[in-house]
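Colleague:
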Amino acid sequence: MKRLQDRVAVISGAASGIGLASARRFADEGAVVVGVDLDTDAIEALAKDTGGAAITCDVSDEHAVETMFAQVVADHGRLDIAFNNAGISPPEDDSILTTGIEAWERVQRINLTSVYYCCKYAIPHMREQGKGSIINTASFVAVMGAATSQISYTASKGGVLAMTRELGVQFAREGIRVNALCPGPVNTPLLQELFAKDEERAQRRLVHLPMGRFAEASEIAAAAAFLASDDSSYMTASTFLVDGGLSGAYVTPL
Ligand code: NAD
């Protein structure tokens with residue numbers, strides 16, 4: 001499928017995980033992918049692979065984000081897709097009882113303020129074109145509670161979800177669609193390492209998943225490609241859950 005032929009797509013967090021899988025998927029579907037990350041080597045290697053471009057940018061830095069989107073439009077003539085996906089979930093962000101203000105603020109800045117900046121500086125370019133698709137990565141934790149808390153992460157993703165909904169509504173008549181992608185737990189190297197060390201922690205989570213497994217990054221990338229493409233032309237302001245049935249489950253199969 002070439003649903004994204006010649007579309008210019010900015011993907012943040014493109015060096016790893018969901019962003020990397022999405023960069024490959026978008027490029028396979030014909031997009032010109034601009035990978036954005038702090039990891040210059042990884043995004044330059046990706047750009048070589050996909051024939052796209054790489055811009056090193058800290059998405060929690062307002063000036064850097066404004067400059068990055070301006071550069072994309074200067075270099076490629078347009079901006080069709082912004083997949084605002086970079087995020088962190090550091091171990092210092094834990095229960096509210098132990099999480100300090102520094103960890104709280106760092107997570108808010110990188111997970112939520114960055115999405116505010118990316119939308120703020122992508123939307124004006126899309127308004128000029130009268131068309132665009134913005135996808136903000138939230139999470140299943142924006143709609144469900146966990147007793148294994150990462151309090152700032154959860155609050156940041158709730159913020160991403162609410163902001164996305166509002167932007168989707170505000171810009172709906174200008175041809176700009178804004179959707180929140182809410183992945184369930186994804187089989188990333190970090191998660192594998194964590195659960196390989198601690199089978200009980202893995203089981204505590206897996207028991208809630210109707211499918212009995214975590215997602216692969218490529219499965220989340222497929223959903224992102226759908227939201228980026230005109231196949232989702234009647235979708236905006238949505239909470240798009242790709243969670244293996246997690247949020248719909250009460251009792252799961254044995
Ligand atoms: P990952 O750690 O594999 O990749 C995140 C990327 O973001 C990294 O390459 C990192 O360098 C980059 N990044 C971090 N801070 C940045 C900054 N300030 N500026 C630019 N780039 C920065 O993570 P992932 O698992 O692929 O997660 C991607 C998104 O999906 C995140 O927003 C995460 O919260 C969300 N998510 C992940 C899961 C999961 O289980 N992995 C589940 C739900 C939601």
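According to the UniProt record's numbering, numbering within the sequence shown proceeds without interruption in unit steps and concludes at 254.
Note that beta-carbon positions come from the ideal geometry of N, C-alpha and C, so glycine has one too.
Predicted, not measured: the structure shown is a model, and the values here were computed from it.
Are the CB atoms of Val8 and Ile101 within a distance shorter than 9 angstroms?
Modeller: Taking the first residue of the sequence shown as position 1, residue 101 is located at position 101. Taking the first residue of the sequence shown as position 1, residue 8 is located at position 8. No, the pair does not count as a contact, with Cβ atoms beyond the cut-off.
Colleague: Gly51 to Ala202, Cα distance in whole Å?
Modeller: Against the sequence shown, residue 51 aligns to sequence position 51. Against the sequence shown, residue 202 aligns to sequence position 202. Each residue's Cα considered, the two are about 38 angstroms apart.
Colleague: If we ignore side chains and look at the alpha-carbon of each, how far apart do Ser247 and Pro185 end up?
Modeller: Walking along the sequence shown from the start, residue 247 turns up at place 247. Walking along the sequence shown from the start, residue 185 turns up at place 185. Cα-Cα distance, rounded: 11 angstroms.
Colleague: Report the CB separation of Val160 from Asn136 in whole angstroms; it is logged as a contact under 8 angstroms.
Modeller: As a first step, residue 160 must be located in the sequence shown, where it is residue number 160. As a first step, residue 136 must be located in the sequence shown, where it is residue number 136. Between Asn136 and Val160 the Cβ distance is about 5 angstroms, and since that is below 8 angstroms, they are a contact.
Colleague: What residue ranges within the region 26-73 form continuous beta strand (DSSP E) runs of no fewer than 3 residues, ordered along the chain?
Modeller: Listed in chain order, they are 32-37 and 53-56.
Colleague: What first and last residue would you give for the alpha helix (DSSP H) that runs through Pro189?
Modeller: As a first step, residue 189 must be located in the sequence shown, where it is residue number 189. Looking at the DSSP string, the run of the alpha helix (DSSP H) that includes Pro189 is Pro189 to Lys197.
Colleague: Pick out whichever of Val36, Asp41, Asn85 and Pro90 has its Cα sitting closest to the Cα of Ala64.
Modeller: Here residue 64 refers to the residue found at position 64 when the sequence shown is read from its first residue. It is Val36.
Colleague: Throw me the rounded Cβ distance for the Val33 and Ile11 pair, which I believe falls under 8 angstroms.
Modeller: In the sequence shown, counting from the first residue as 1, residue 33 sits at position 33. In the sequence shown, counting from the first residue as 1, residue 11 sits at position 11. Contact holds; Cβ gap of about 6 angstroms.
Colleague: Taking the beta carbon of Met1 as the centre, do at least 16 other beta carbons fall within 10 Å, making it buried, or is it exposed?
Modeller: Position 1 of the sequence shown holds residue 1. Met1 should be labelled exposed.
Colleague: Once DSSP output is grouped into helix, strand and coil, what is the label at Arg3?
Modeller: Your numbering for residue 3 matches position 3 in the sequence shown. Reduced to three states, the DSSP call for Arg3 is coil.
Colleague: Let me know the alpha helix (DSSP H) ranges lying completely inside the region 90-165, each 4 residues or longer, listed in chain order.
Modeller: DSSP runs (the alpha helix (DSSP H)) wholly in the region 90-165: 101-108 and 114-129.
Colleague: Quick one: does the C-beta of Asp94 sit closer than 8 angstroms to a heavy atom of the ligand NAD?
Modeller: Working through the sequence shown from its first residue, we reach residue 94 at position 94. No, the beta carbon of Asp94 sits no closer than 8 angstroms to any heavy atom of the ligand NAD.
Colleague: With a threshold of 8 angstroms (Cβ to nearest heavy atom), would Ala87 be considered close to the ligand NAD?
Modeller: Within the sequence shown, residue 87 is the residue found at index 87, counting from 1. Residue identity check: residue 87 is Gly in the sequence provided, not Ala. Checking the Cβ of Gly87 against the ligand NAD gives yes.
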